[in-house]
Each structure stands twice: as structure tokens, then as C-alpha cells.
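Worksheet for the structure shown next.
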Amino acid sequence: MPELPEVEVVRRGLDTWVRGRTVCDVEVRHPRSIRRHEAGAADFAGRIVGRTFTGASRRGKYLWLRLGEPDECPEQELAALVGHLGMSGQLLVESSDAPDEPHLRVRFRFEDEGPELRFVDQRTFGGLAVADMVDDGAGGQVPWPVAHIARDPLDPLFDDAAFVRRVRATDAGIKRVLLDQTVVSGIGNIYADEALWRARIHGERPASRLSTAGVRDLLDHARAVMAAALAEGGTSFDALYVNVNGQSGYFDRRLAAYGQEGLPCPRCGRPIRRSAFMNRSSYFCGTCQRAPRGRPAPER
DNA sequence: CATAGATCCTGTATGC
DNA sequence: TGCATACAGGATCTAT
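In terms of this note's numbering, the first sequence is residues 888 to 1187.
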């Protein structure tokens, strides 16, 4: 479940259901799902078996389970199991009696013989790896594959002013900048379109041509829409996007633009339009969100 | 350097 | 029914 609210729903579920539990077995059923763990499946399993998950953390769309060090100081966390759900990844906590999912990729069993943790991923764009922790430059630590990811707008340490400066320093279209996880993390195609609709900004407007107040307003809307989605358990159109217990969120009922092609704009009533963007789609109101001059959005 | 495009996968929906 | 095409919520690598 790809964007920030959905990943946060999963993080909370992991923190509730696997924190404090010790892994006794790791079964890698598809090598592609651990391709970021370059040392391979045996090393991956060897670095987790016998360890205790001491908590679940998240930055943007990445999440990780911190691994305690049983042999030395139990409080020490030198590594973590890092995950990214990609387009179709799920982390499910369920009984060992439950039949294997068709796209079950990695299974974790626990010493307590309670419910197991499964990584299920249809398209295998997601993946897991064990990675050492590095300093994040603000007194904290993150696994090294996450070090290049910016903080997300719901992070208390997110720097609004620095974000505004960075956005206004680039000439790319504002939607592309919103999706750049090194600028701001957690925003994907749904919440980019929703935030732009709320802020009445067309995604192809060059970021450098937005005012400081305009960028701040857009950031506020991104924050608000993701917080609202989180409060409803995230957005899901189908069974692919579920929490660790297999349940879907309800925010799809609140979407104003994304996926609403042809339906009336909730603000002005004109039909929501769709245009091609980065091998997928952008949804927007052609009336509320004026296209930049000289660059009409191609209908498809 | 910054930016745009192609690519990795599998499944579902739609149209001929 | 069969087959082809378009599309799906992402990140990363490559080319320009």
C-alpha cells in the first residue's frame, strides 16, 4: 500500500503485533523480493533469526523493524529489517494455519509460535533487506537505504522553510517535485493530485513560478489530506491495499480528483480531467487548476 | 548538474 | 471464447 497514510497504517500494525517478538525462522520464497539485500537469502535469514523486533519505524514510504542485539546489550539496535511495499506489497500478520497467498514472497515465524509475518507482493516492485543503521544528521538513526529519503510532512522535524526554498529552486513541474522523495517523502500519485486540487494548482506549473505563499499553502494541503486519509485507515480501491490484518481503509470515498475522470469537480462542477503523466495518469480540474501557458495537458 | 523517459513485474479490465 | 491493449497507488537507472 504505497503512500504515506497507507504505510503508516502498516507501521502501526507492525508495532502492535510484532514488536517484542523473536524470530525463529525466515523463509525467502522469491529472490527478487530481497534483491536489495545483496548478500543473498541465506545471509538475509541469518541476520534475522534469533533477533527480536524492538519496534517499527517509518520515513516516507519506507518502513523498518529495528533488530535488537541479543548477545550483547539488548537495547542496542545496530540494524533493521527495511521494507518498501512498492506498488503491490503487503505485510500481513496472520495465523500459520492461513493458506499461503499466491504471491507470498517472504515468511517470518516467531519463537512464541503466534501469528506469523508475511510479505506478499504481486508485482515484486517492493522488497525487504537487512541494513545497518546510520546517523540521520539530526541525532537519530535510519537504515542506510533510507538515508537519501527526505522527511515527510507529518514528521515533526520536517523543515517547511527549507522545503519552500528547494521547491522554488527547481524548474520541473510541481507535481514531479512533489513525487521526488529526496525533496519531500510519502507523497505519491493519489495525494499529489489531491493536494494540487485542494491548492488549485496545475501539476505542470513550473515549481519555480510558484510564490512562497503558494508553496506553503500546497504543503499545508498535502499535510491535511494525508492526515485525513490516515484517520480513515488510508485509501484503497481493492484488496491489494490493506493493513496487517487484511482490512481496507475508507479514504477513497473522500477523493476529489484522483480516479474521478468525468465526474463533477466537487468545487465547481466541471468534469475532472485526466492526462498522461510519467507512464500513468494525472487527474485535475481544468477550471480550478489552470494549465500553464503554452503547455496544454494532452488528453488521453 | 538537472531533468525526462524507460524499465522492472503481474494481474485485471476493456475492446475487438 | 480468445487475444491484444491499456492501466495500476513506485523507485531507480540511463540518456540527454
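Here a beta-carbon is modelled for each residue, glycine too, at the ideal position from N, C-alpha and C.
- Query: With DSSP run on the structure shown, which of helix, strand or coil describes F1138?
  - Reply: What you label residue 1138 is simply residue 251 of the first sequence in a count that begins at 1. Helix, per DSSP.
- Decide if N1166 is buried, meaning its Cβ has at least 16 other Cβ atoms within 10 Å, or exposed. Mapped onto the first sequence, residue 1166 falls at position 279. Burial call: exposed.
- Item | Cross-strand partners of C1172 (DSSP beta bridge) | As a first step, residue 1172 is located in the first sequence; it is residue number 285 there, counting from the start. I1159, per the DSSP bridge assignment.
- Task: Assign S1123 to one of three DSSP states: helix, strand, or coil.
- Result: Here the question's residue 1123 lines up with position 236 in the first sequence. Of the three classes helix, strand and coil, the one that applies to S1123 here is coil, per DSSP.
- Query: Is the stretch 1011-1018 close to the stretch 1151-1168, with three or more CB pairs under 8 Å?
  - Reply: no
- Name the one or two DSSP bridge partners that S944 has. The sequence position of residue 944 within the first sequence is 57, counting from 1. BP columns for S944 point to W951.
- Query: Can you give, in chain order, each stretch of the alpha helix (DSSP H) that sits fully within the stretch 1006-1057 and has at least 4 residues?
  - Reply: 1047-1055
- Task: Count the other CB atoms, across all protein chains shown, that sit within 10 Å of the CB of T1122; report buried if there are 16 or more and exposed otherwise.
- Result: Against the first sequence, residue 1122 aligns to sequence position 235. T1122 should be labelled buried.
- With a Cβ-Cβ cutoff of 8 Å, do A1016 and H924 count as a contact? Residue numbering aside, residue 1016 sits at position 129 when the first sequence is read from its first letter. Residue numbering aside, residue 924 sits at position 37 when the first sequence is read from its first letter. In this structure, H924 lies closer than 8 Å to A1016 by Cβ.
- Report the three-state DSSP secondary structure of P986 (helix, strand or coil). The residue given as residue 986 occupies position 99 in the first sequence. In this structure, P986 counts as coil in the three-state DSSP scheme.
- Item | In DSSP terms, what Q977 is bridged to | Taking the first sequence and counting its residues from 1, the one referred to as residue 977 is at position 90. V1007.
- Distance between E890 and R946 (C-alpha atoms, nearest Å): The residue labelled residue 946 in the question sits at position 59 within the first sequence. The residue labelled residue 890 in the question sits at position 3 within the first sequence. Straight-line Cα distance between these residues: approximately 11 Å.
- Specify, as a first and last residue, the run of the alpha helix (DSSP H) that E1081 falls within. In the first sequence, residue 1081 corresponds to position 194, counting from 1. Segment N1076 to A1086, the alpha helix (DSSP H) holding E1081.
- Query: At which residues does the beta strand (DSSP E) containing V910 begin and terminate?
  - Reply: Here residue 910 is taken as the residue at index 23 of the first sequence, counted from 1. Run containing V910: V910 to V915, per the beta strand (DSSP E) assignment.
- Specify the secondary structure class of H1108 as computed by DSSP and reduced to three states. Position 221 of the first sequence, counted from the first residue, corresponds to residue 1108. Note: H1108 maps to helix in three-state DSSP.
- Message: Quick check: what's the CA-CA separation for L901 versus L1106?
- Response: The residue you call residue 901 lines up with position 14 of the first sequence. The residue you call residue 1106 lines up with position 219 of the first sequence. Looking at the two C-alpha atoms, the distance is approximately 28 Å.
- Item | Status (buried if at least 16 other CB within 10 Å, exposed otherwise) for S983 | By one-based count along the first sequence, residue 983 stands at place 96. Exposed, because fewer than 16 other Cβ atoms sit within 10 Å of the Cβ of S983.
- Range covered by the alpha helix (DSSP H) that runs through G900: In the first sequence, the residue the question calls residue 900 occupies position 13. It spans L891 to W904 - the alpha helix (DSSP H) in which G900 sits, taken as one unbroken run.
- If you follow the beta strand (DSSP E) that A929 is part of, which residue opens it and which one closes it? Here residue 929 refers to the residue found at position 42 of the first sequence. Not the beta strand (DSSP E): A929 falls in the alpha helix (DSSP H), residues A928 to G933.
- Task: For F1045, collect the residues of the same chain with a Cβ closer than 6 Å to its Cβ; drop the 5 residues on either side in sequence, then sort them by chain order.
- Result: Counting from 1 along the first sequence, the entry for residue 1045 is found at position 158. Closer than 6 Å at the Cβ level, and outside the excluded window around F1045, lie R1038.
- DSSP beta-bridge partners of L968: Position 81 of the first sequence holds residue 968. L968 pairs with L952 and V1017.
- Do you know whose CA, among V1064, A926 and E1119, lies nearest Y1137's CA? Position 250 of the first sequence, counted from the start, is the residue given in the question as residue 1137. When each option's Cα is compared against that of Y1137, the closest is E1119.
- Does the stretch 983-999 come within contact of the stretch 905-921, defined as at least 3 CB pairs closer than 8 Å? yes
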